[in-house]
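Please read the structure below before turning to the comments.
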Amino acid sequence: AGIFSYNASLDKANQTKIQIDLLDIEKMVEQIRISQGLVFKDVTGSGCTECSCRSPNDSTNSTCVTMVTNSWNNILTKSALSAGSRPAPRDPWGGVYMWDENEEEYAGNPCRQDFLRSTGKDHIINGDDTILYLDYLNCP
16 AGIFSYNASL DKANQTKIQI DLLDIEKMVE QIRISQGLVF KDVTGSGCTE CSCRSPNDST
76 NSTCVTMVTN SWNNILTKSA LSAGSRPAPR DPWGGVYMWD ENEEEYAGNP CRQDFLRSTG
136 KDHIINGDDT ILYLDYLNCP
C-alpha cells in the first residue's frame with residue numbers, strides 16, 4: 016500500500032504542476048492577446064506549433080523542441096521579455112508544453128479554439144494529455 020500511495024501522491028503533484036504551468040502560459044498569452052489585439056497564431060508566428068511534434072509523435076523529439084522553443088521565444092518577445100530569457104516550459108516528465116493556434120487560422124473556419132497541451136508521461140499526443148482550451152479573442 017505504501018508504494019501505491021506514494022505513486023498516487025506523485026501523480027497528483029505532477030498533475031497539479033501541469034495545471035499551474037498551463038495556467039501561467041495562458042495568462043502570459045492572454046495578456047499579449049488582449050493588450051496587442053493579436054490572435055494566438057500572430058503571437059507565436061505559427062498556426063500549429065504542436066504539428067512539428069506529431070511525427071514522430073513525441074514531445075521530446077528535437078524538431079518538436081526546436082519549434083516550441085522558437086514559438087516560446089516569440090511569446091517572450093511580444094511580452095517584452097527577451098527571447099531566450101526563459102527556456103521553453105516543460106512538464107514534469109521533460110516533454111515541452113505545446114500549443115495549437117487555431118483561431119483565425121483558416122478563413123473558411125476562423126472559430127476553431129486554441130489550446131495548450133502537456134502530453135504527460137507517455138510523451139505522446141492524444142495519450143495521457145492534459146489540455147487547456149483558451150478563450151476566443153475575436154469569435155463569439
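Numbered per my numbering, the sequence shown finishes at 155, counting up by one with no gaps. Glycine is no exception: its CB is placed at the ideal position from the N, C-alpha and C atoms.
Tell whether a beta-carbon distance below 7 Å holds between residue i and residue j.
i, j, result
"I140", "N72", "yes"
"D115", "C63", "yes"
"L37", "L147", "yes"
"M43", "S97", "no"
"D129", "E119", "no"
"L91", "S77", "no"
Counting only beta-carbon separations shorter than 7 Å, does residue i have a partner in chain D?
i, result
"I90", "This model lacks chain D altogether, as it is built from one protein chain only."
Just list the residues that DSSP pairs residue i with in beta bridges.
i, result
"N72", "R69"
"D156", "Since the first residue shown for the chain is 16 and the last is 155, residue 156 is missing from the structure and cannot be characterised."
"R105", "V111"
Go through its chain and collect everything with a Cβ distance to residue i's Cβ below 6 Å, but skip five positions before and after it.
i, result
"G60", "N89"
"R48", "L152"
"K32", "P107"
"R127", "N117"
Taking only three categories from DSSP, how would you classify residue i?
i, result
"S100", "coil"
"Y148", "strand"
"D115", "strand"
"I81", "As written in the sequence, residue 81 is Thr, which differs from the Ile given in the question. The answer is helix: DSSP assigns T81 an H, G or I state."
"D143", "coil"
"W41", "Just to set this straight, residue 41 is Glu in the shown sequence, not Trp. Note: E41 maps to helix in three-state DSSP."
"N88", "helix"
"Y121", "coil"
"N22", "helix"
"A95", "coil"
"T134", "coil"
"V58", "helix"
CB-CB under 7 Å to residue i, same chain, minus the five flanking residues each way: which ones, in chain order?
i, result
"T134", "S74, G110, I140, G142, D144"
"V11", "Absent from the model: residue 11. The displayed extent of the chain is 16 to 155, so no value can be given."
Can you tell which of the options has its C-alpha closest to the C-alpha of residue i?
i, options, result
"D39", "D137, L131, P155, S24", "L131"
"W87", "P155, F55, R127", "F55"
Any heavy atom of the ligand ADP closer than 6 Å to the CB of residue i?
i, result
"E120", "The ligand ADP is not among the ligands present in this structure, which contains no ligands whatsoever."
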